[in-house]
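Residue numbers (the working numbering): 7 to 229.
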Amino acid sequence: MELLSLKASPRVPQKGVTKRLRREGFLPVVLYGGGTESRPLKVETKAFERILAGAAGRNALIRLEIEGETADESPTVIIRDLQSDPVRGRYIHADLQRISLKEKMRTHVRLVVVGEEAVARRGGIVQHQMREVEVECLPTDLPDHITVDIGDKEIGDTVTLGDLPEPEGVRFLGDPASVVVAVVPPKMVAGEEEEAEAAEEAAAPEGEGAETAEGRAEPASKE
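Encoded structure:
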């Protein structure tokens with residue numbers, strides 16, 4: 007995997023200062039791991055977002071170039087935690103974990119399913135049971151994603167974790183029998199939806215108000 011560069015500089019971990027940094031286009035981050043004390047830093051928000059928008063996404067390997075330090079001191083990090091504003095959706099904080107390129111790591115890699123169009127032409131419906139898989143590997147062997155090709159699958163077929171070929175140097179963690187994708191007939195999907203609707207109706211006591219468009223329950227009418 008390609009090693010990406012990101013510039014960082016020290017910051018003062020105070021609430022008022024943190025808000026000002028965000029207004030000025032910086033993202034507060036904390037660097038930890040590697041047997042060293044955690045360090046509050048700041049990075050340019052746009053530069054950070056460009057890394058997330060890349061092929062590796064949150065699994066990107068980053069060479070953190072810290073202001074005032076030499077290139078030899080620049081740590082290699084991964085994004086371990088990312089916080090977003092629930093209202094505006096913008097990133098507000100990130101934890102960066104220092105790693106060694108010579109030590110194996112564990113993380114999650116997204117699964118990308120291809121061939122759904124071919125399945126649909128044969129009348130099948132694709133049910134996604136897993137969206138990502140936990141892996142163990144050296145940072146340099148970490149794949150951007152794992153491809154799940156279902157182009158030749160028929161109705162009734164499944165793809166399990168054990169069916170997926172492991173990329174060189176990568177070990178999948180988890181039960182090999184876990185279903186990743188299932189191909190089912192349309193009637194099965196429709197039947198499941200009807201059962202879910204029936205269960206919801208049975209669970210709602212008669213006379214209770216219905217939810218409004220905003221998701222709040224209106225009181226039952228008293229006539």
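Think of the CB as a built atom: it goes at the ideal place given N, C-alpha and C, for glycine as much as any other residue.
Exercise. If you measure from the CB of Val119, is any heavy atom of the ligand GDP nearer than 7 Å?
Worked result: Ligands are entirely absent from the displayed structure, and the ligand GDP is therefore not among its contents.
For this session: Determine the burial state of Pro92: buried for a count of at least 16 other Cβ atoms within 10 Å of its Cβ, exposed for fewer.
Result: Here Pro92 is exposed. Its C-beta has fewer than 16 other C-beta atoms within 10 Å.
Problem set entry | Beta-carbon separation (whole angstroms), Glu71 vs Ala14, contact threshold 8 Å | 7 Å
For this session: Could you please give the first and the last residue of the uninterrupted alpha helix (DSSP H) stretch that includes Val125?
Result: Glu122 to Arg127
Exercise. What span of residues does the alpha helix (DSSP H) with Leu23 cover, start to end?
Worked result: Note on residue identity: the sequence assigns Val, not Leu, to residue 23. Segment Lys21 to Arg29, the alpha helix (DSSP H) holding Val23.
Exercise. Which of the three DSSP states, helix, strand or coil, is assigned to Lys193?
Worked result: DSSP, reduced to helix, strand and coil, places Lys193 within a helical segment of the structure shown.
Exercise. Which one of Asp147, Leu148, Thr166 and Asp150 has the shortest CA to CA distance from Ile156?
Worked result: For Ile156, the nearest C-alpha among the options comes from Thr166.
Problem set entry | Glu122 versus Val132: straight-line alpha-carbon distance, rounded | Straight-line Cα distance between these residues: approximately 7 Å.
For this session: Report the option in Lys25, Val120, Glu43 and Phe178 whose CA atom is closest to the CA atom of Leu102.
Result: When only C-alpha atoms are compared, the closest one is Glu43.
Exercise. Helix, strand or coil: which one does DSSP assign to Glu43?
Worked result: Correct three-state label for Glu43: strand.
Exercise. Mapping DSSP to helix, strand and coil, what is Val76?
Worked result: It is Thr, not Val, that sits at residue 76 in the sequence shown. Reduced to three states, the DSSP call for Thr76 is coil.
For this session: Work out the CA separation of Glu73 and Gln135 for me, nearest whole Å.
Result: 44 Å
Exercise. Which partner residues of Met111 appear in the DSSP bridge assignment?
Worked result: Residue pairing by DSSP puts Met111 in a beta bridge opposite Cys143.
Exercise. Roughly how far, in whole angstroms, is the beta-carbon of Ile57 from the beta-carbon of Leu10, given that I think they are within contact range, below 8 Å?
Worked result: That belief holds up - the Cβ atoms of Ile57 and Leu10 are roughly 6 Å apart, short of 8 Å.
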